Structures are given as structure tokens and as C-alpha cells.
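Enquirer:
Numbering (the working numbering), first residue to last: 1137 to 1465.
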């Protein structure tokens, strides 16, 4: 309050002609920009709306240009918070370093990647990872185009694939978890950044399959079938009920969702620190409502402590798909 009063007094002393610009500078301190993955967007939006109810002077903009797009803006120094459905990449870290952008990596929720098929599909009830790999691996391009090629017990029907595009966190995570390597996916599928469009693609094509964030399946579960995935223990498990994601039995397709906070923006904008505190202390209230899974209580405590220490850098770059997040906070 003292700083604000001193600032306004200085503006008045230099003359009324500059008062408008002073007010704009002061208002900029209330502006916060978030951009990133479509998965996680609804949680950030819910938090931003609730924050603005108790802080009407705040202006929080939330966008979803994809995890890759969010990191591109963030590491260029043009964003306060990047929302991400995967961990930050090495090349993105290097870009951040080049531009003097330090970041604080904060897990916010859990998500399960749902593998969905058409409601008429009564044979793909449980898929093994090796079957998903055979279906999605880069070597499958132009070769694996029928369900029978995936499993000889399946019908000889054309396999139509839908997925998020290659610059999304969902694509990256799924490709790594299923094929064991990044950039190892076939490209002859129908991509769409709008995951609701992927849902419509599967609804309209009886022999189709797609993968997407669990929230998009749950909004349409009466019109789709979700496929069980054979986990590390050899059990066929679905991402629903969501407790399967929390208990990490839906592996390796369970993942953490993140926000990455710019330390420089944090140092220059007191409102940003206030907002991130609100996010960390309250987001769990709306996680279930927007289709994700709340972190274990211990994880929220550790994450808040990490933020208060302003601990920069990533630890999750060493995590393997399906590992408990508490190992890395």
C-alpha cells in the first residue's frame, strides 16, 4: 500500500498530463497472462474466474494455444504462466536460458489419457501397450491400416486414427509412453487441436480410435467407449473411475499437469505472486468439476513450499511415464 501511494503521489507531482500513463502502469501490475495446453486450460480458467471474484481489480487472461505454443511465448519472455500437459523440453529450457527466463515448475493436477473408440466397437475392450505401439509407432505409417493387423482376433476393418497435433503436450506424452521415444509417432492420422473435434471424429466413424484428455471423454461418455489399457501389473484398467489415475494403477497413461511461472515476472509483479498463491491453495476445489484429478494432499503441500522457496528448474524431466509425482517435488 505504501508503494502504491508513493507511486500515485509521484504521478501527481509531475503533473496531471502524465496521470493517465501512471494509471496505466499501475493497472498493468494487476494483469496476468496464462497460455498453454488445451488440457489444463479449463482448470486455469476456473481458478482465474474465482480469483477475479475476490480481486475485482485483477485482469487474468487465459488462452490455450497448445503446450508447445505456450512454452514458445513463455521462453521468449512474453508470458507470466505457461500451462503444460507435459514437462518442459531441453530445447525449451535452452530458449528460456537464452532469454533470461527462469521458471518455477508446479504440478497442479493429474490427468489420464483416455483411448476412445466408437460406441459400436465391441472388440477393442482392452489393449496392450505393444498393440498401441504397433498402431501408433512411426513404423506403422502406411502399413498398419486395419484392426486385424493390430490383433488377428480383431475384424478386418479399416483403422481410422484421430489425435492432437504434434506440437501438443498430449501428443508428446502419449508417444513417449506408448512407443518409448519422442517424435516416434506415425503422421498419417487426422489431427485436431480441438479435442472435442476428435470426439466427433470417433463418434462419426465406427472403426476409429483416438486418444485425448480424460475430461473430453467424460463430457461424452454416453456416446463413446473408453478402452482399458493393460498396465505394468498385467491388469486391464480404465481411467475411470478417476481414482485409478490417483492411485496410479492406470499406467503409464496417467500424467501430471503443470503451470510454469516466470520468476522475472514474479519479481516484477506482486499481483502474480498473489494469484499463484491463490492457485496453489484453491485449485483443488475445482479440479474434479473440470474433469481432472486432484493431487495427493502431500503433493499440494510440497508444491506450495517449492513456490515459496522460488525454486527454479525442472525435476520432472527425469520422470518416466506413470511414475508417482511425489518422487519429483
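Where is the CB? At the ideal position from N, CA and C, for every residue including glycine. Here the structure is a predicted model, which is why all the values come from computation and not from measurement.
(1) Please classify residue 1128: is it buried, with 16 or more other beta-carbons within 10 angstroms of its beta-carbon, or exposed?
(2) My understanding is that residue 1201 touches residue 1171, with C-beta atoms under 8 Å, so please give their C-beta distance in whole angstroms.
(3) Hey, out of 1448, 1460, 1351, whose CA is closest to residue 1425's CA?
(4) Along the beta strand (DSSP E) that carries residue 1099, what are the first and last residues, could you check?
(5) Is it a yes or a no for the region 1250-1259 touching the region 1333-1351, going by three-plus beta-carbon pairs under 8 Å?
(6) Nearest to residue 1292 by alpha carbon, out of 1242, 1343, 1299?
(7) Which whole-angstrom value is the C-beta distance of residue 1217 and residue 1194, which I expect to be below 8 Å?
(8) Can you find the residues in the same chain that come closer than 7 Å, C-beta to C-beta, to residue 1409, ignoring five residues on each side of it along the sequence?
(9) Among residues of its own chain, excluding the 5 on either side of residue 1282, which ones have a beta-carbon nearer than 7 Å to its beta-carbon?
(10) According to DSSP, is residue 1436 part of a helix, a strand, or is it coil?
(11) Counting Cβ pairs, one atom from each stretch, are 3 or more of them under 8 Å apart for the region 1355-1372 and the region 1251-1266?
(12) Along the alpha helix (DSSP H) that carries residue 1285, what are the first and last residues, could you check?
(13) Quick check on this structure: which residue in 1203, 1222, 1233 has the alpha carbon closest to the alpha carbon of residue 1212?
(14) What does the alpha-carbon distance come out to for the pair residue 1187 and residue 1396?
(15) Closest to residue 1326 by CA distance: which of 1320, 1318, 1335 is it?
(16) Please return the same chain residues whose Cβ sits closer than 6 Å to the Cβ of residue 1341, not counting the five positions on each side in sequence.
(17) State the DSSP-derived secondary structure class of residue 1335, mapped to helix, strand or coil.
(18) If you count every other CB in all the chains shown that lies within 10 Å of the CB of residue 1298, and 16 or more means buried, which is it?
(19) What residue range is occupied by the uninterrupted beta strand (DSSP E) comprising residue 1172?
(20) Does residue 1192 come out as helix, strand or coil in the three-state DSSP assignment?
(21) Which residue comes first and which comes last in the beta strand (DSSP E) that contains residue 1251?
(22) Excluding the 5 residues preceding and the 5 following residue 1189 in the sequence, name in chain order all residues of the same chain whose CB lies nearer than 6 Å to its CB.
(23) Which term fits residue 1390, buried or exposed, when burial requires 16 or more other beta carbons within 10 angstroms of its beta carbon?
Expert: A quick look at the data gives this:
(1) With the chain covering 1137 to 1465 only, the question about residue 1128 has no answer from this structure.
(2) Within the chain shown, numbered from 1, the residue matching residue 1201 stands at position 65. Within the chain shown, numbered from 1, the residue matching residue 1171 stands at position 35. Confirmed, about 5 Å.
(3) Counting from 1 along the chain shown, the entry for residue 1425 is found at position 289. Of the listed residues, the one whose Cα sits closest to residue 1425 is 1351.
(4) Nothing can be reported for residue 1099, as the shown portion of the chain is limited to 1137 through 1465.
(5) The region 1333-1351 and the region 1250-1259 touch, with three or more beta-carbon pairs separated by less than 8 Å.
(6) Looking up residue 1292 in the chain shown gives position 156. When each option's Cα is compared against that of residue 1292, the closest is 1343.
(7) Sequence index remark: in the chain shown, residue 1217 carries index 81 (1-based). Sequence index remark: in the chain shown, residue 1194 carries index 58 (1-based). About 13 Å separates the two Cβ atoms, so there is no contact after all.
(8) Here the question's residue 1409 lines up with position 273 in the chain shown. Only 1402 meet the Cβ criterion.
(9) Your numbering for residue 1282 matches position 146 in the chain shown. Correct list, in chain order: 1292, 1293, 1294, 1295.
(10) Here residue 1436 corresponds to residue number 300 of the chain shown, with the count starting at 1. The answer is helix: DSSP assigns residue 1436 an H, G or I state.
(11) Counting Cβ pairs under 8 Å, three or more are found: they touch.
(12) As a first step, residue 1285 must be located in the chain shown, where it is residue number 149. Note, residue 1285: alpha helix (DSSP H), 1283-1286.
(13) Here the question's residue 1212 lines up with position 76 in the chain shown. With distances taken between CA atoms, residue 1212 lies nearest to 1233 out of 1203, 1222, 1233.
(14) Position 51 of the chain shown holds residue 1187. Position 260 of the chain shown holds residue 1396. Cα to Cα, the separation comes out at about 18 Å.
(15) As a position in the chain shown, residue 1326 is number 190, starting the count at 1. The alpha carbon of residue 1326 has as its nearest neighbour, out of 1320, 1318, 1335, the alpha carbon of 1335.
(16) As a first step, residue 1341 is located in the chain shown; it is residue number 205 there, counting from the start. In its chain, beyond the 5 residues on either side, 1296 have a beta carbon closer than 6 Å to the beta carbon of residue 1341.
(17) On the chain shown, position 199 is the one that residue 1335 refers to. The answer is helix: DSSP assigns residue 1335 an H, G or I state.
(18) Along the chain shown, read from residue 1 onward, the residue named residue 1298 stands at position 162. Buried is the call here.
(19) For this step, residue 1172 is matched to residue 36 along the chain shown. Its beta strand (DSSP E) spans residues 1167-1172.
(20) Working through the chain shown from its first residue, we reach residue 1192 at position 56. Here residue 1192 sits in coil by DSSP.
(21) For the purposes of this step, residue 1251 is taken as the residue at position 115 of the chain shown. The continuous beta strand (DSSP E) containing residue 1251 extends over residues 1239-1254.
(22) Counted from its first residue, the chain shown places residue 1189 at position 53. Setting aside the 5 residues that flank it on each side, residue 1189 has no residue in the same chain whose C-beta is closer than 6 Å to its C-beta.
(23) For this step, residue 1390 is matched to residue 254 along the chain shown. With 16 or more other Cβ atoms from the protein chains shown falling within 10 Å of its own Cβ, residue 1390 counts as buried.
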